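In this note's numbering, the protein residues as written are 3 to 305.
Glycine included, every Cβ here is placed at the ideal spot set by N, Cα and C.
Given the structure is predicted, the values throughout are model-derived calculations rather than measurements.
One structure is given here, and the rest of the page talks about it.
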Ligand code: DGT
Ligand code: MG
Ligand code: MG
Ligand code: MG
Ligand code: MG
């Protein structure tokens, strides 16, 4: 384009290129979903249709943005993780955040009728906000997703107990809140079991652990049963414990090496594999080492 006298206004645009070689987490969150969940009568405390719709929208985002290595969702939020070596949009923050948010929102609205057949959407329509956060090393990225999963566990145990007291124990909200004040997680488990015959461990995994999405190369390439899913018990810290630091001894060594230079053809080949890969949606423990050790390509970024 020819230079015009107006061209100088470009100089007012700020650069928002994110630091290189750092993990980019884009967390989106539903705007006013407290109201929205009431408007469309979501089941309390968890509505499987709503959660599956969130997961389907996240799958759409993963499909359209092959640079994403992982996504983790709970309630009305989703965290999308771009690999630390990702160079999409020259790592411009606003491009990355707005693309994730708008792609997610489009899928959410587009797919809504498949999950809420007889509840057509009408304005005000669902919308999401988003932010980018950078994490400099693998350990801290893992602590980030651990933080979200512990949050899921704490909130779900509280909400499950609260709504049991209200729906099954005929308490009003204020009394249920009072009843739960100062309780630790073992107290909540006991309330659920002794008063309502609910064993919290038997609650659906999607409620207890949230949803993790990643590219399942193993199952995309081979049709054999060589791929195993994690079936071990979760190791979620109790609600009272701080989740941040796992015991030193159980940690696997995580390399933080600079990226090896890739040839153009190699990079193109990997991008093709990423696009083709099946997106796995699982409700498993992502705090312990097992998840990461069984799926080393997530942290390595190798397709
Ligand atoms: P915000 O994010 O500041 O615009 O406000 P909200 O209202 O979206 O609040 P937030 O994000 O802190 O909490 C999520 C709300 O969404 C919370 O009130 C519960 C509701 N919600 C999310 N998933 C479900 C569900 O499966 N069932 C029901 N009943 N409510 C849900
Ligand atoms: Mg919010
Ligand atoms: Mg929200
Ligand atoms: Mg939220
Ligand atoms: Mg454009």
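Query raised in the report: Since residue 30 is in the beta strand (DSSP E), which residue starts that stretch and which ends it?
Result: Counted from its first residue, the chain shown places residue 30 at position 28. In the DSSP assignment, residue 30 falls within the beta strand (DSSP E) that extends over 25-32.
Query raised in the report: Do the CB positions of residue 200 and residue 178 come within less than 8 Å of each other?
Result: Indexing the chain shown from 1 puts residue 200 at position 198. Indexing the chain shown from 1 puts residue 178 at position 176. Cβ atoms of residue 200 and residue 178: not closer than 8 Å.
Report task. Have a look at the DSSP bridge pairing and note the partners of residue 134. Result -> Locating residue 134 in the chain shown gives position 132, where the first residue counts as 1. DSSP output for residue 134 lists 28 as bridge partner(s).
Requested in this report: Return the residue from the list 115, 111, 116 and 133 that minimises the CA-CA distance to residue 127.
Outcome: For the purposes of this step, residue 127 is taken as the residue at position 125 of the chain shown. Checking every option, the nearest Cα to that of residue 127 belongs to 111.
Report task. Specify the secondary structure class of residue 195 as computed by DSSP and reduced to three states. Result -> Residue mapping note: residue 195 aligns to position 193 of the chain shown, counting from 1. Helix.
Query raised in the report: According to the Cβ coordinates, are residue 95 and residue 18 closer than 8 Å?
Result: For the purposes of this step, residue 95 is taken as the residue at position 93 of the chain shown. For the purposes of this step, residue 18 is taken as the residue at position 16 of the chain shown. Between residue 95 and residue 18, the C-beta spacing is below 8 Å.
Query - Own chain partners of residue 190 with C-beta closer than 6 Å, once the 5 adjacent residues on each side are dropped - result: In the chain shown, counting from the first residue as 1, residue 190 sits at position 188. By the criterion of a C-beta distance shorter than 6 Å, residue 190 is surrounded in its chain by 159 and 163, once the five residues flanking it on both sides are discounted.
Report task. Determine the closest residue to residue 280 out of 187, 64 and 268, with distance taken between C-alpha atoms. Result -> One-based indexing of the chain shown puts residue 280 at position 278. Taking each of 187, 64 and 268 in turn and checking the Cα distance to residue 280, the smallest one comes out for 64.
Query raised in the report: Comparing the C-beta of residue 221 with each C-beta of chain B, is any distance below 8 Å?
Result: Judged by its chain identifiers, the structure shown contains no chain B, having just a single protein chain.
Requested in this report: Pick out whichever of 117, 88 and 132 has its Cα sitting closest to the Cα of residue 105.
Outcome: Looking up residue 105 in the chain shown gives position 103. Shortest Cα-Cα distance from residue 105 to any of 117, 88 and 132 involves 132.
Query raised in the report: So which of 52, 213 and 46 has the shortest CA-CA distance to residue 153?
Result: Walking along the chain shown from the start, residue 153 turns up at place 151. Out of 52, 213 and 46, 213 has the C-alpha closest to the C-alpha of residue 153.
Query - Reference residue 114; option with closest CA among 210, 265, 53 and 300 - result: Here residue 114 refers to the residue found at position 112 when the chain shown is read from its first residue. Cα-wise, what sits closest to residue 114 is 53.
Query raised in the report: Should the segment 60-76 be called in touch with the segment 268-284, which here means at least 3 C-beta pairs below 8 Å?
Result: Counting Cβ pairs under 8 Å, three or more are found: they touch.
Query raised in the report: When DSSP labels each residue in this structure, what does residue 245 get in the three-state scheme?
Result: Here residue 245 corresponds to residue number 243 of the chain shown, with the count starting at 1. Because the pLDDT at residue 245 is just 42, under 50, the model does not fix this residue reliably, and the value given afterwards should be weighed accordingly. DSSP, read as helix, strand or coil, puts residue 245 in coil.
Query raised in the report: What residues in its chain sit with their C-beta under 6 Å from that of residue 83, if we drop five residues either side in the sequence?
Result: Position 81 of the chain shown, counting from 1, holds the residue named residue 83. Cβ within range, chain order: 27, 71 and 72.
Query raised in the report: Starting from residue 108 and walking both ways along the alpha helix (DSSP H), at which residues does that stretch end?
Result: Along the chain shown, read from residue 1 onward, the residue named residue 108 stands at position 106. 95-117 is the span of the alpha helix (DSSP H), which, as asked, contains residue 108.
**Report entry** residue 192 versus residue 276 - alpha carbon distance
**Finding:** Counting from one through the chain shown, the residue named residue 192 turns up at place 190. Counting from one through the chain shown, the residue named residue 276 turns up at place 274. C-alpha separation (whole angstroms): 45 Å.
Query raised in the report: Within the structure, which residues are defined as neighbours of ligand 3 by a Cβ-heavy atom distance below 5 Å, reported in chain order?
Result: The chain-ordered list of residues whose CB is nearer than 5 Å to some heavy atom of ligand 3 reads 31, 32, 35 and 78.
Query raised in the report: Expressed to the nearest angstrom, what Euclidean distance is found between the alpha-carbon atoms of residue 48 and residue 21?
Result: Translated into positions along the chain shown, residue 48 becomes position 46. Translated into positions along the chain shown, residue 21 becomes position 19. The alpha-carbon atoms of residue 48 and residue 21 are separated by roughly 37 Å.
**Report entry** Cβ shell of residue 109 (< 6 Å), same chain only, five flanking positions each side left out
**Finding:** Along the chain shown, one-based indexing puts residue 109 at 107. Excluding sequence positions up to five before and after residue 109, its CB lies within less than 6 Å of the CB of 59 and 62, all in the same chain and listed in chain order.
Report task. Please state whether DSSP places residue 275 in a helix, a strand or coil. Result -> Within the chain shown, the letter at position 273 stands for residue 275. Helix.
Query raised in the report: Alpha carbon to alpha carbon, how far is residue 185 from residue 35?
Result: The residue given as residue 185 occupies position 183 in the chain shown. The residue given as residue 35 occupies position 33 in the chain shown. Within the model, the alpha-carbon separation for residue 185 versus residue 35 is close to 27 Å.
Query raised in the report: I think residue 129 touches residue 33, with their Cβ atoms under 8 Å apart; what is that distance to the nearest whole Å?
Result: Start at 1 with the first residue of the chain shown, and residue 129 comes out as number 127. Start at 1 with the first residue of the chain shown, and residue 33 comes out as number 31. The C-beta distance from residue 129 to residue 33 rounds to 5 Å, short enough to meet the 8 Å contact threshold.
Query raised in the report: So, are the CB atoms of residue 216 and residue 297 less than 8 Å apart?
Result: Taking the first residue of the chain shown as 1, we reach residue 216 at position 214. Taking the first residue of the chain shown as 1, we reach residue 297 at position 295. For residue 216 and residue 297, yes; Cβs fall inside 8 Å.
Query raised in the report: Thinking just about the alpha-carbon of each residue, which of 69, 172 and 81 is nearest to the one in residue 149?
Result: For this step, residue 149 is matched to residue 147 along the chain shown. The shortest Cα separation from residue 149 among 69, 172 and 81 belongs to 81.
Requested in this report: Name, in chain order, the residues that DSSP records as bridge partners for residue 79.
Outcome: The residue you call residue 79 lines up with position 77 of the chain shown. 31 and 76.
Requested in this report: Report the residue from 269, 300, 206 and 292 whose alpha carbon sits nearest the alpha carbon of residue 50.
Outcome: If you number the chain shown from 1, residue 50 lands on position 48. Proximity to residue 50 across 269, 300, 206 and 292 peaks at 206, based on C-alpha coordinates.
Query raised in the report: By the 10 Å Cβ neighbour count, where 16 or more other Cβ atoms means buried, how is residue 151 classified, buried or exposed?
Result: Here residue 151 refers to the residue found at position 149 when the chain shown is read from its first residue. Residue burial is scored here from C-beta neighbours: residue 151 has at least 16 other C-beta atoms within 10 angstroms and is therefore classed as buried.
**Report entry** residue 86 to residue 23 span [Cα, whole Å]
**Finding:** The count along the chain shown starts at 1 and reaches residue 86 at position 84. The count along the chain shown starts at 1 and reaches residue 23 at position 21. The straight-line gap from Cα to Cα measures roughly 5 Å.
Query raised in the report: What is the DSSP secondary structure of residue 284, counted as helix, strand or coil?
Result: Position 282 of the chain shown, counting from 1, holds the residue named residue 284. Three-state DSSP puts residue 284 in a strand.
Query - Backbone CA spacing between residue 304 and residue 272 [nearest angstrom] - result: Position 302 of the chain shown, counted from the first residue, corresponds to residue 304. Position 270 of the chain shown, counted from the first residue, corresponds to residue 272. If you draw a straight line from the Cα of residue 304 to the Cα of residue 272, it comes to about 7 Å.
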